[in-house]
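What follows is a short report on a single structure.
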Amino acid sequence: MNQTETENHYQKALDERKERDHLRHCVSHLPTDDSMIIEVNGKPVVNFSSNDYLGLSRHPEVMQAGIKALEEYGTGTNSSRLITGTTTLTTALEEKIANWYNKESALVFPSGYQANISILPALFDKDTLVFADRLNHASLLDGMTTSHCKWQRYNHCDMNHLEDLLKKAPKHTNKWIVTDSVFSMDGDFPDFSALVSLAKKYNAKTYIDEAHGVGVFGNRASSGLCEHFGVTQDVDLIMGTFSKALGGSGAFITGSQIMIDYLINFCRGFIYTTALPPSVIAGNLKAIEVVQNSPQYKNKLWENINLWNQHSQEDFSAQSPIVPILIVDDKSALQKQQALLNEGLWVHAIRPPTVPEGKQCLRISLSSSHSDSQIISLQNALNTRD
Ligand SMILES: *Cc1c(COP(=O)(O)O)cnc(C)c1O
Numbered sequence: 240m241n242q243t244e245t246e247n248h249y250q251k252a253l254d255e256r257k258e259r260d261h262l263r264h265c266v267s268h269l270p271t272d273d274s275m276i277i278e279v280n281g282k283p284v285v286n287f288s289s290n291d292y293l294g295l296s297r298h299p300e301v302m303q304a305g306i307k308a309l310e311e312y313g314t315g316t317n318s319s320r321l322i323t324g325t326t327t328l329t330t331a332l333e334e335k336i337a338n339w340y341n342k343e344s345a346l347v348f349p350s351g352y353q354a355n356i357s358i359l360p361a362l363f364d365k366d367t368l369v370f371a372d373r374l375n376h377a378s379l380l381d382g383m384t385t386s387h388c389k390w391q392r393y394n395h396c397d398m399n400h401l402e403d404l405l406k407k408a409p410k411h412t413n414k415w416i417v418t419d420s421v422f423s424m425d426g427d428f429p430d431f432s433a434l435v436s437l438a439k440k441y442n443a444k445t446y447i448d449e450a451h452g453v454g455v456f457g458n459r460a461s462s463g464l465c466e467h468f469g470v471t472q473d474v475d476l477i478m479g480t481f482s483k484a485l486g487g488s489g490a491f492i493t494g495s496q497i498m499i500d501y502l503i504n505f506c507r508g509f510i511y512t513t514a515l516p517p518s519v520i521a522g523n524l525k526a527i528e529v530v531q532n533s534p535q536y537k538n539k540l541w542e543n544i545n546l547w548n549q550h551s552q553e554d555f556s557a558q559s560p561i562v563p564i565l566i567v568d569d570k571s572a573l574q575k576q577q578a579l580l581n582e583g584l585w586v587h588a589i590r591p592p593t594v595p596e597g598k599q600c601l602r603i604s605l606s607s608s609h610s611d612s613q614i615i616s617l618q619n620a621l622n623t624r625d
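Per the working numbering, the sequence shown runs over residues 240 to 625.
Structure below.
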C-alpha cells in the first residue's frame with residue numbers, strides 16, 4: 240500500500256467507530272486540593288471515575304514514602320529485574336505481599352495488564368484447558384489468546400455452567416479456572432466457595448485476578464475477595480494490582496515458591512522489561528501498610544457504599560465500590576455523561592468494545608474520600624433523569 244492507501248485503511252477503522260459512537264479520546268485534567276475534585280476544561284468536577292477507592296494516591300505517608308525513595312534511589316531502576324532492577328525495597332515489597340496472603344512467595348510486575356498478558360502464556364501451552372468467565376478483564380483474555388491454550392468461557396459468575404464444562408473435560412489435562420474477583424465493569428463477583436470446591440472436585444488449578452478486590456474486601460487483612468470467602472489458601476495463584484485501591488502503580492502475583500520460581504525463569508513479561516521505579520515500589524509498600532494498619536479507610540468506603548444503597552433505586556444498588564448504570568444505547572450514554580459533566584459530576588460512559596454490545600453503562604466508582612454530599616448530589620442528578 241502507498242502512504243495514502245495506508246492512511247485510508249486506518250482512517251476507515253476510525254470512521255466506523257465514530258459512526259457507532261464508539262470513538263474514544265483522552266481527556267486531560269488538573270488536580271485540586273480536594274482529591275475527589277478534578278479540573279476539566281477549567282471547571283471543577285467531582286471525580287466518580289477513579290479507582291482510588293481508599294484515597295491512598297494522596298495519602299501523606301504514602302506520598303512521603305515515594306518522595307524519600309525518589310531522593311535516595313533516583314528516578315529509575317535502569318535495568319530489568321534479573322540484572323540490577325531488584326533493590327531491597329523490591330524484596331521488602333515481595334515479602335510483604337507473600338506474608339499478607341500467607342503464601343510462600345510473590346513477584347511484582349510493572350502493571351496488571353502486563354502481568355496477565357505475560358503470566359498466562361508462561362503457565363499455559365496448547366495442551367492446557369482453561370475455563371474463563373465470559374466477562375473476564377481484557378488482559379486475561381489477551382493472555383489466554385497469546386498462550387495458544389484451549390479455552391472455554393462459562394456464563395458470567397455461573398458456577399453451574401462452569402461445573403457442566405468441567406464435567407466434560409478430560410481427567411488428566413492441565414486445567415485452570417481463570418476469573419476476575421470483583422468484575423471491573425459490573426462490580427459483582429462469583430461465589431468463590433463454590434468455585435474453589437469445583438476446582439478441587441475436578442482437579443483444576445485457580446488463577447484469581449484481585450485487581451478490584453485488594454484493599455476493599457477481606458475482614459482481617461483487607462487482602463481481597465479470596466480472604467472475604469476464606470479461600471486464600473485454596474487458590475493457587477492470586478494476582479492483584481497496586482493501581483486501584485492501593486493508589487499506586489504495578490501488579491503482583493503470589494503463590495507457591497515453585498510457581499514463583501517458574502515465573503522468574505519463564506515469564507517473558509517479567510524478564511524482558513525494566514523494573515518499576517523505587518519511588519513507586521516504596522509507595523506501594525507503604526500503601527499496603529496503611530491498608531493493614533488503618534481499617535478506617537475501608538470502613539469509610541463501605542459507609543459510602545451503604546449510603547449509596549440507602550438512597551438509590553434498587554437497580555442501582557452496589558455490592559462493591561463499582562456501580563454500573565446500564566444505558567440503552569451509546570448515544571444516550573454519551574449524552575448522559577455530558578449532562579452529568581454539566582452538573583459538575585465526572586462519570587465515564589463505558590461503551591463497546593470495553594463492554595459487550597448492549598451493556599453500555601455509566602460506570603460509577605465510589606471512594607472513601609467522597610463526602611456524603613458529593614454522593615447525594617450524584618444520586619439526585621441520576622434520579623432527576625430517567
Ligand atoms: C485494571 C485491571 C487490570 C490491569 O491493571 P493495570 O495495573 O491497570 O494494568 C487487570 N485486571 C483487572 C481485573 C483490572 O480491573
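We put the beta carbon where it would ideally sit given N, CA and C, even for glycine.
Same chain only: Cβ atoms within 6 Å of A526, ignoring 5 sequence neighbours per side: By one-based count along the sequence shown, residue 526 stands at place 287. Contacts found: L295, V301, L485, G486, G487.
Own chain residues within Cβ distance below 6 Å of I561, not counting five before or after: Residue numbering aside, residue 561 sits at position 322 when the sequence shown is read from its first letter. Once the five neighbours on either side are set aside, the close Cβ partners of I561 are G426, S604.
Those runs of the alpha helix (DSSP H) which lie wholly inside the stretch 383 to 418 and span at least 4 residues: 398 to 407
Beta-ladder partner(s) of I564, from DSSP: As a first step, residue 564 must be located in the sequence shown, where it is residue number 325. In DSSP, I564 forms a bridge with L601.
When I492, K407, L601 are compared against N338, the one with the closest alpha-carbon: Stepping through the sequence shown from its first residue, residue 338 is reached at position 99. The shortest C-alpha separation from N338 is found at I492.
Residues near G324 in its chain [Cβ-Cβ closer than 6 Å; skip 5 each side]: Stepping through the sequence shown from its first residue, residue 324 is reached at position 85. Within its own chain, the residues whose Cβ lies closer than 6 Å to the Cβ of G324, once the five positions on either side in sequence are excluded, are T316, S318, A514, listed in chain order.
heavy atom of ligand 1 below 8 Å from T512 C-beta: Translated into positions along the sequence shown, residue 512 becomes position 273. No, Cβ of T512 sits at least 8 Å from all heavy atoms of ligand 1.
Same chain only: Cβ atoms within 6 Å of L621, ignoring 5 sequence neighbours per side: Looking up residue 621 in the sequence shown gives position 382. None.
Limits of the alpha helix (DSSP H) - the one that I520 falls within: By one-based count along the sequence shown, residue 520 stands at place 281. Here the alpha helix (DSSP H) through I520 covers 517 to 532.
Proximity to S288 [Cα-Cα], best of L580, S612, G597, D448: As a first step, residue 288 must be located in the sequence shown, where it is residue number 49. Each of L580, S612, G597, D448 was checked against the Cα of S288, and the nearest Cα belongs to L580.
T512 at chain D interface by Cβ criterion, 9 Å: Of the chains in the structure shown, none is chain D; there is only one protein chain.
Span of the beta strand (DSSP E) around S616: On the sequence shown, residue 616 is found 377 positions in, with the first residue counted as 1. Not the beta strand (DSSP E): S616 falls in the alpha helix (DSSP H), residues 611 to 622.
Heavy atom of ligand 1 within 8 Å of L379 beta-carbon: Within the sequence shown, numbered from 1, the residue matching residue 379 stands at position 140. Yes - ligand 1 has a heavy atom lying nearer than 8 Å to the Cβ of L379.
Where D272 sits in the DSSP three-state scheme: One-based indexing of the sequence shown puts residue 272 at position 33. In the structure shown, D272 sits in coil (DSSP, three-state: anything other than H, G, I, E or B).
Nonlocal neighbours in the same chain, by C-beta distance under 7 Å from H550, ignoring five residues either side: Stepping through the sequence shown from its first residue, residue 550 is reached at position 311. Hits under 7 Å: I615, Q618.
Closest by C-alpha distance to W541, when choosing among D554, D611, D568, L476: Here residue 541 corresponds to residue number 302 of the sequence shown, with the count starting at 1. Checking every option, the nearest Cα to that of W541 belongs to D611.
Unbroken alpha helix (DSSP H) run spanning A557, endpoints: Working through the sequence shown from its first residue, we reach residue 557 at position 318. It is not in any alpha helix (DSSP H) - A557 carries neither H nor E in the DSSP assignment.
Whole-number beta carbon distance between I277 and W547, since they are thought to touch under 8 Å: Taking the first residue of the sequence shown as 1, we reach residue 547 at position 308. Taking the first residue of the sequence shown as 1, we reach residue 277 at position 38. In fact, because the Cβ distance is near 20 Å, the residues do not count as touching under 8 Å.
Whole-number beta carbon distance between A460 and Q531, since they are thought to touch under 8 Å: Residue 531 sits at position 292 when you count from the first residue of the sequence shown. Residue 460 sits at position 221 when you count from the first residue of the sequence shown. Contact flag correct, Cβ pair sits at about 6 Å.
Test item: CB-CB of G494 and F481 under 9 Å: In the sequence shown, counting from the first residue as 1, residue 494 sits at position 255. In the sequence shown, counting from the first residue as 1, residue 481 sits at position 242. Result no, Cβ atoms of G494 and F481 do not sit closer than 9 Å.
Inside the stretch 252 to 301 only - beta strand (DSSP E) runs reaching at least 3 residues: 276 to 279, 282 to 286
The stretch 453 to 468 touching the stretch 396 to 410, judged by at least three CB pairs closer than 8 Å: no
heavy atom of ligand 1 below 8 Å from Y352 C-beta: For this step, residue 352 is matched to residue 113 along the sequence shown. In this structure, ligand 1 has a non-hydrogen atom nearer than 8 Å to the beta-carbon of Y352.
Per DSSP, the bridge partner or partners of I492: On the sequence shown, residue 492 is found 253 positions in, with the first residue counted as 1. L346, M478, per the DSSP bridge assignment.
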